[in-house]
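Input: a single structure, listed below in structure tokens.
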Amino acid sequence: MHIRLKIWRQENSQVAGKMLDYELAEVDPDMSFLEMLDMLNEQLLGKGERTIEFDHDCREGICGQCGVMINGRAHGPLKNTTTCQLHMRSFGEREVIYIEPFRATAFPVRCDLKIDRSALDRVIQAGGFISVNTGQAPEANSIPVGHGVAEAAFDAAACIGCGACVAVCKNSSAALFTSAKITHLALLPQGEIEARERVQQMVDQMDAEGFGHCSNTEACEAECPQQISVLHIARMNWEYNKLQLLKK
Amino acid sequence: MLESKIPDGPLEDKWRYYKEHAKLVNPANRRKLEVIVVGTGLAGSSIAASLGEMGYRVKSFCFQDTPRRAHSVAAQGGVNACKNYKNDGDNIFRMFYDTIKGGDFRSREGNVYRLAECSASLIDQAVAQGVPFGREYGGYLNNRSFGGVQVSRTFYARGQTGQQLLLGAYQALMRQVHLGTVQLFARHEMLDLVTIDGKARGVIVRNLDTGNIERHGAHAVILATGGFGKIYYLSTLAMGCNGSAIWRAHKKGALIANPSWTQIHPTSLPQSGEYQSKLTLMSESLRNDGRIWVPKNKDEKRLPNQVPEEDRDYYLERRYPAFGNLSPRDIASRAAKERIDAGYGIGPLKNAVYLDFSRAIKEQGEPKIREKYGNLFRMYEKITGVDAYKEPMRISPAAHFSMGGLWVDYELMTTIPGLFALGEANFADHGANRLGANSLLQACVDGYFIAPYTLGNYLADEIKTPPIDTSQLAFESAAARVEGQLRALMSIGGKLSADHFHKTLGKILYDKCGLSRSREGLEQAISEIKALRQQFYEQLYIPGGMAINSELEKAGRVADYLELGELMCYDALTREESCGAHFRVEYQTPEGEARRNDQDFSFISAWEWAGKDNPPVLHKEPLKFEFVIPTVRSYK
Ligand SMILES: Cc1cc2nc3c(=O)[nH]c(=O)nc-3n(C[C@H](O)[C@H](O)[C@H](O)COP(=O)(O)OP(=O)(O)OC[C@H]3O[C@@H](n4cnc5c(N)ncnc54)[C@H](O)[C@@H]3O)c2cc1C
Ligand code: SF4
Ligand code: FES
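Protein chains in written order, with the working numbering: chain W, -16 to 231; chain G, 5 to 640.
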């Protein structure tokens, strides 16, 4: 395949960035999208140019590190797929492909396609855990958890923290990410006890980080590589509102 | 010189005895003690969180942008624990025995028993943290069986067990960060270990965002930096996995044990082109229901579904009737290679074998199979474009796990006092071959249940040591050396990329120090690696500057791999026997099975760095078997 690329280049967060043009011939349709970028980088290096910085690690769709905007869509054209799991057979011959970093105030660009997503860590720090210390846990089977409940908790827990939901949201809201963790922990008997404090603290932190509010556009669910459901957002809102009412 | 410090007495009392006699640090003193933990995988997150809970002051480092992305996140299949929930006769001794035997009698009895003993608590811990393990309809935990054993002792969270265990540990770590006991340094890469008066006292790291070289001091340093299987370039590991942290510690005096024992995993997706950057693993749990075969005819032209039963060679079931498709990884990988080398491989490159679910689907129905392996089938389709519910998967062996690593004693301390190694970064529990689902276990158990005791035992003697002053000469010179190394790499000014050297090295190792090895091949590999290393320092090119620069990061890792790769070949060369993942073609039975030599090789090889251009020095830790008798490992 022969493809044309327009890629966001930005040396660091202090300087302005711009889209630059590249062309790549002899792309194998079986290549993954990131392997295509590797190929481009190898060529840039051969010409003595600075290579394109992008984040990635597992290349298996599980670490959550590789997100970029491709033709205006988080992680590219396929539904529920990370960038590393996207293959060049999804693009057409001579197609122009636009590649940009995920954008949100809470995700500053560091270099080219690399961004800073540590805000998501701080949302978890605010309460995305069960307060149990090491070495004192009771026998695991002493608290049965229904098969369906465990599966539902898993569906929510499967979030890979990629930030695509934030990037596609017109308000840059982290509601899908945050609510997925809230649901995961609240569904399980072990995590339910702290559910209220957790919701309050995580939502407050989300605001403090500069993520916007959710206005139910549902673009997040459509682009989420893990098919995390917007129903979790409803649960989060419900828990949050309940808390506000009970406070008064 | 090598004192394993395994407590005397019966197997089942050793760990209890140790814990009863280990020194303690009182809570007021813990606040004065600092510990550096490099790595935030299961081993690193679990120890950092545990130490934070105990009140130590912890600094946690990783090179990814957040701790949750450590490579443990990728583990699919499951984690072992002898809970005997299935009432199928599982117990600590049996798990211990399976693991010792699986490792081909090349691991320490004391360590392996402790691994089995602590396994049950891990499940308790993870469930309490909210890990959504698979459940029966009645609400109790479910489990399945994995390669190399005949009981069901593997707990799983769909095909994403590593992800869920890691999120549990990560969340525990985040809780401590919030409480202020742990300081987090993401996007920081450790580039050197600092020792003072022979003790580990800190690290030199590079801030990957700014390029700044930083110094961090502590009363003890823990390396939990994972495995170095990415040295083969094509492997199942994440792109960033590397051996640099342990290698730099090695050059500061820590011995490395059994570096050549690399597990080759039998169920990875085959390579399909030259551009490929990694091989994706399909979980081994697929072997519970999938059957492995190749056509009996070398020139089979029919599509797999059209090949009738009588023309299929289910070679694992044929050769190993007792374990069949569940034979341990080394055996299953070698058997696949044997068929592929003999010309029976399938696929365009004839480099794969079939993993067939048609019988399981017929017997159990597609929904059941979908529930068990749905995400794996989806992943397979995404990558290959093939629907494995309709036709068999194609799989092939790939480098996967390093059994070798820093030599540690029973306390998980290296030969440098105050330097500990946990998880895949140490060599400790898996012998010459790791059984499936034992690695997540080891990483977690090291961090949650073992190191909190053994580190305390060490730190009890450090309470009078004041905070480590990083302006000392040792820090200054280490930082200057790191800075110098980076500048030297940048200024080579050749034409070839770090990846080019990595790929070339990987191919040498895969061919000559991979699934099978020979004296001749290893000797060739050593000289080829030497030449490649020389070329690296003449021809490398790194564009860009000293701040954010992935090419510079890669180059540093490849420089270390070029040294470590040579050590692997020395290690494989001196071990003149076949055991576990190490198959020397000169030492095999007439049927092509590995021939172990307990008489001469029942020891752990621990290598000392003797300086650039000098061959490494071998130290031997003899293995004592008091409780089991090494037997020929047979899965027939
Ligand atoms: C695809 C795959 C599937 C697997 N499936 C299973 C399974 O089903 N069951 C099982 O038991 N095992 C499985 N394993 C093996 C298991 O996942 C690993 O052995 C285990 O997770 C290793 O954990 P760890 O904590 O030792 O290291 P890792 O999780 O690899 O963590 C290493 C950490 O060290 C950091 N690091 C490394 N070097 C540096 C440095 N120089 N400076 C700073 N930080 C550094 C990294 O950032 C990372 O945080 C699988 C492995 C793979 C590759
Ligand atoms: S909710 Fe989905 S899109 Fe958002 S961070 Fe999690 S996995 Fe990514
Ligand atoms: S690189 Fe890990 S999810 Fe894409």
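All C-beta atoms, glycine included, are put in the ideal place defined by N, C-alpha and C. From a predicted model like this one, the values you see are computed outputs, not experimental measurements.
How about residue i and residue j: are their beta carbons less than 8 Å apart?
i	j	result
G/Thr229	G/Gly43	yes
W/Ala202	W/Val151	yes
G/Phe350	G/Asn329	One detail in the question is off: residue 350 of chain G reads as Ile in this sequence, not Phe. No, the pair does not count as a contact, with Cβ atoms beyond the cut-off.
W/Thr34	W/Pro208	no
W/Asp11	G/Tyr279	yes
G/Tyr236	G/Leu513	yes
G/Val155	G/Arg98	yes
W/Glu206	W/Ala178	no
G/Leu169	G/Ser76	yes
G/Arg162	W/Phe137	yes
G/Trp611	G/Asp575	yes
G/Gly138	G/Tyr160	yes
G/Arg333	G/Pro270	yes
G/Val486	G/Asp196	yes
G/Pro401	G/Leu519	yes
G/Ala441	G/Val83	yes
Could you tell me which chain W residues have their CB closer than 8 Å to the CB of residue i, listed as they occur along the chain?
i	result
G/Tyr279	Asp11, Met14, Glu18, Asp21, Met22
Just to confirm my understanding: we take residue i, look at its own chain, exclude 5 residues before and 5 after, and list those with CB closer than 7 Å. What are they?
i	result
G/Ser281	Met243
G/Lys234	Leu241, Cys245, Asn246
G/Pro547	Glu555
G/Ser522	Arg588, Val589, Glu590
W/Glu175	Ala169
G/Gly460	Ala26, Lys27, Leu28, Val29
At 7 Å on the CB atoms, spell out the chain W contacts of residue i, in chain order.
i	result
G/Gln699	For chain G, the structure presents residues 5 to 640; residue 699 of chain G sits outside this window and is missing.
G/Tyr462	Those within 7 Å of G/Tyr462 in chain W number zero; the least Cβ separation is about 18 Å.
G/Val181	Gln108
G/Asp94	Neighbours of G/Asp94 on chain W: none; closest Cβ ~15 Å, over 7 Å.
By Cβ distance, which residues of its chain are closer than 6 Å to residue i, with the 5 residues on each side in sequence left out?
i	result
G/Gly432	Here residue 432 of chain G is Ala; the residue named in the question, Gly, does not match the sequence. Asn115, Val412, listed in sequence order.
G/Lys203	Pro421, Gly422
W/Gly195	Asn154, Ser155, Ser156
G/Phe381	Ala392
What residues of chain G sit near residue i, judged by a beta carbon separation below 7 Å?
i	result
W/Cys94	Ile552
W/Lys(-11)	Going along chain G, no residue has its Cβ under 7 Å from W/Lys(-11), so there is no contact; the nearest lies around 21 Å.
W/Leu168	Gly134
W/Asp104	Thr70, Met178
Any idea which residues DSSP pairs residue i with across the strands?
i	result
W/Tyr81	W/Lys(-11)
G/Phe159	G/Val83
G/Gly221	G/Gly206
G/Pro352	DSSP lists no partner for G/Pro352.
G/Glu612	G/Val621
G/Glu193	G/Arg210
G/Trp19	In the DSSP output, where bridge partners are listed per residue, G/Trp19 has none listed.
W/Gly195	W/Ser156
G/His586	G/Cys583
G/Trp297	G/Tyr358
W/Cys94	W/Lys97
W/Tyr241	Residue coverage of chain W in this structure runs from -16 to 231, which leaves residue 241 of chain W outside it and unanswerable.
G/Lys305	Partner(s): none; G/Lys305 has no beta bridge.
Name, please, each residue of chain G whose Cβ falls closer than 9 Å to the Cβ of residue i.
i	result
W/His130	Gly138, Arg139, Glu140, Tyr141, Gly142, Gly143, Asn146
W/Arg42	Ala242, Met243, Ser281, Lys282, Thr284
W/Gly47	Thr70, Arg72, Arg73, Val77
W/Gln68	Met383, Lys386, Ile387
W/His39	Ala242, Met243, Gly244
Cβ closer than 9 Å: which chain W residues qualify as neighbours of residue i?
i	result
G/Phe381	Those do not exist, as G/Phe381 stays about 14 Å from chain W at its closest Cβ, beyond 9 Å.
G/His404	By Cβ distance, chain W contributes nothing, its closest Cβ being about 13 Å from G/His404, past 9 Å.
G/Phe453	Thr117, Gly118
Anything in chain G within Cβ reach of residue i, meaning under 8 Å, just list it in chain order.
i	result
W/Ile82	Within 8 Å Cβ-Cβ: nothing; W/Ile82 doesn't reach chain G, min ~16 Å.
W/Ser101	Asp69, Thr70, Ala190
W/Leu171	Gly134, Pro136
Under 8 Å Cβ to Cβ from residue i, same chain only, skipping five residues before and after it: list those, please.
i	result
G/Thr284	Thr240, Ser272, Leu273, Met383, Ile387
G/Leu95	The question names Leu, but residue 95 of chain G in the sequence shown is Asn. Hits under 8 Å: Cys86, Asn88.
G/Ala356	Pro274, Ile344, Gly349, Ile350, Arg398, Ile399, Ser400
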